[in-house]
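Note sheet for the following structure.
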Amino acid sequence: MSRDPFQHLRESNPMPDDHPVHPPMSTADRIAGRRPRRPRPAWALAAGLALAVLVGGGSWLLWVRGGDREVVATSAAPTTTVAPSTSVVPGFPEGDAVVYFFVEDDGTQVAPGPYLIPVARPYTILSHFVEDPVYETLQFLMFGTYPGEEDDLPPLISFIPEGTQLLGVEVAGGTATVDLSAEFAGDGDTDADFRPRIAQVVFTLTRFPGITEVRILIEGQPSLGVSRDVQAPSGNFRRADFADLLPPIMIESPVYWAGGGENPLVITGTADVFEATVSLELLDEQGAVLWQGFTTATCGTGCRGDFAVEIPYEVADGQIGTLVAWETSMEDGRRLYERRHPVWLNATPGVTTTTTFDPVAALRAERYDLDKAVDAMLQEQAAIDAQLAGLPLDQGAELRTRAAELDRDIFELRQGLNRVYDELQRLAVDFEIPCSAEVLGSELEGQPDLPQAVADLRYQVYEAVRGCYWDQLRDLVAGAGDFSYSFGDSGAPVG
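Per my numbering, the very first residue in the sequence shown carries number 737; after that it's consecutive.
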């Protein structure tokens, strides 16, 4: 990838110098080891940016050109009305409009998608000053995804039917009442299609400060009865009504394709993950790690909690980076529920390299993840041992199979820990290595008919191993003369 793959688009579609370009999603594949993206025609690359705005009176015309395809969306003057007790339309905290679309998972998620996520839409493509952000943002939502986004990896999806028109929106007392055309109700659509489209409207509007509920009208009538089971007890919808449509790790900020690039990046969101632990990393445009660590949500393991963390970074040039979030599997240490968000990174004055990767921080974070996975497996292993206690060998086959799997997985994770410890030692980092043999009991299983000297040495070896006293074990071996052992690979007995 060139240093600035969007230079041609900037020249063809000039934007203010202080506003970053929002490229199409097909350019986001910079991560080593990820599936390569399918080649895109030129129109797909430019579709997210090549937005021509034609002005006519007080209305705007949004024209998206893609190859031989042209999509037109029009807008009359804003029609949001506000209750007399409210002096202004709710302001928008971001510099861009934010709408909610669905993103497909990559086929490896434990909880299948698609998932609802926030996506940035720059106001700068409009021909007029935005006096009514609520109305304009809903217009972006009605317009749907840009050409190319539904074919990208991962694809963005809108469940709002094509042709749906925004007839009006009123904000009063924390409730936004939205009037939509009959196309929104669809023709024979199922609830599986209807709930997601309502969720898109609800999440888009409730992102505005002061809006907590949404009431939806169709052609001016409260006709949500056509949605069958999609009803709100009060007639108004809240975000909590659609919690099942969120990914386990929901990144609310920065927004998908967000501009701004503040430094440090302020990451906020919600998560329902094991022990509320959310792992994060920030990658530059080449996939190099700029930062890696973790944060803790306010609730987890069966409940959704909030999380927030600041991520500093240094890059020589402005570029599209990738924010990655995931939960670490307690079974095998692999990444679960991984989310990848493209974000804009501003150039750092005085920096001549795009990579400020802290290897020690990354190794410590990896050690934390591996330790947690090993601890969880040891607990499961202890529970299985308790269930197998006293069972004859011809019973508990499934438990014994699982125990064998755990033995293998723990061995592999500890190999990973050994690699991390070797790297930390190579970097001259002071750290404490936990003793992997602490799980051994204090009582050594008897082995009758051993010569007393052998029994004594066996006991001393066991105690040295149980405490991870490697120097003591080395002295025992060295003083034992011809020391023989029957476990493990050939080589040094201590190893």
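Glycine is no exception: its CB is placed at the ideal position from the N, C-alpha and C atoms.
Excluding five sequence positions before and after P897, the CB atoms of its chain that fall closer than 7 angstroms to its own CB belong to E919, F920, G922, given in chain order. Judged by their CB atoms, L1019 and A1061 are not nearer to each other than the 8 angstroms cut-off. In this structure, DSSP gives W1206 a helical state, which the three-state scheme calls helix. In the displayed model, Q1131 falls within coil according to three-state DSSP, outside both helix and strand.
According to the DSSP secondary-structure assignment, I1056 is paired through a beta bridge with W1080. When Cβ pairs closer than 8 angstroms are counted between the two stretches, the stretch 1179-1198 is seen not to touch the stretch 1097-1113, the count staying below three.
Only residues of its own chain outside the window of five on either side were considered, and among them P756, G1054, V1079, W1080, L1081, N1082 have a CB closer than 8 angstroms to the CB of G997, listed in chain order. In this structure, D1042 is the residue among G1217, D1042, C1204 with its C-alpha nearest to the C-alpha of T1004. Pairing V1110 with T1037, the inter-Cα distance amounts to about 18 angstroms.
DSSP lists D915 as the bridge partner or partners of G904. Straight through space, the alpha carbons of P891 and F930 are spaced by roughly 19 angstroms. A Cβ-Cβ contact shorter than 8 angstroms links A935 with F978. About 5 angstroms separates the CB atoms of V835 and F876; that is less than 8 angstroms, so the two are in contact. Counting C-beta atoms within 10 angstroms of its own C-beta, F895 has 16 or more neighbours from the protein chains shown and is therefore classed as buried. Counting along the chain, no alpha helix (DSSP H) covers R974, and no H or E run does either. The alpha-carbon of R1202 is positioned some 47 angstroms away from that of E1021.
Residue state for T1034 is assigned as coil, using DSSP reduced to three classes. Between R1136 and A994, the alpha-carbon positions lie close to 50 angstroms from each other. Assignment of beta strand (DSSP E) within the stretch 978-1037, counting only whole runs of 3 or more residues, yields 985-989, 1001-1007, 1013-1019, 1025-1032 in chain order.
Under the DSSP assignment, V835 falls in the beta strand (DSSP E) whose first and last residues are 833-839. Counting along the chain, the unbroken beta strand (DSSP E) around I954 starts and ends at 949-954.
Straight-line spacing of the CA atoms in D832 and R975 works out to 21 angstroms.
A residue is called buried once 16 or more other Cβ atoms fall within 10 Å of its Cβ, and L1059 is buried on that count. Here the alpha carbon of V1156 sits roughly 31 angstroms from the alpha carbon of P983. Around the beta carbon of A1200, a 10 Å sphere encloses 16 or more other beta carbons of the protein chains shown; the residue is thus reported as buried. Within the same chain, P1229 come within 7 angstroms of Y1221 by CB-CB distance, once the 5 residues on both sides are set aside. Distance from L1001 to I952 at the Cβ level is roughly 34 angstroms; contact not present, criterion being Cβ atoms closer than 8 angstroms. Residue environment analysis places E1050 among the buried positions, since at least 16 neighbouring C-beta atoms fall within 10 angstroms of its C-beta.
Under DSSP, R857 takes part in a beta bridge, and its partners are A833. Between the alpha carbons of K1108 and A1007 lies a distance of about 18 angstroms. L1142 and L852 have their C-alpha atoms some 35 angstroms from each other. The beta carbons of G1069 and G1152 sit about 7 angstroms from each other, so the pair counts as a contact at 8 angstroms. Setting aside the 5 residues that flank it on each side, R1210 is surrounded in the same chain by V1230, each with a C-beta closer than 6 angstroms to its C-beta; the list follows chain order. Straight across, the Cα-Cα distance linking T1032 with D868 is about 37 angstroms. Shown here, A1061 sits in a strand according to DSSP, grouped into three states. Counting along the chain, no alpha helix (DSSP H) covers D1042; the unbroken beta strand (DSSP E) around it starts and ends at 1041-1047.
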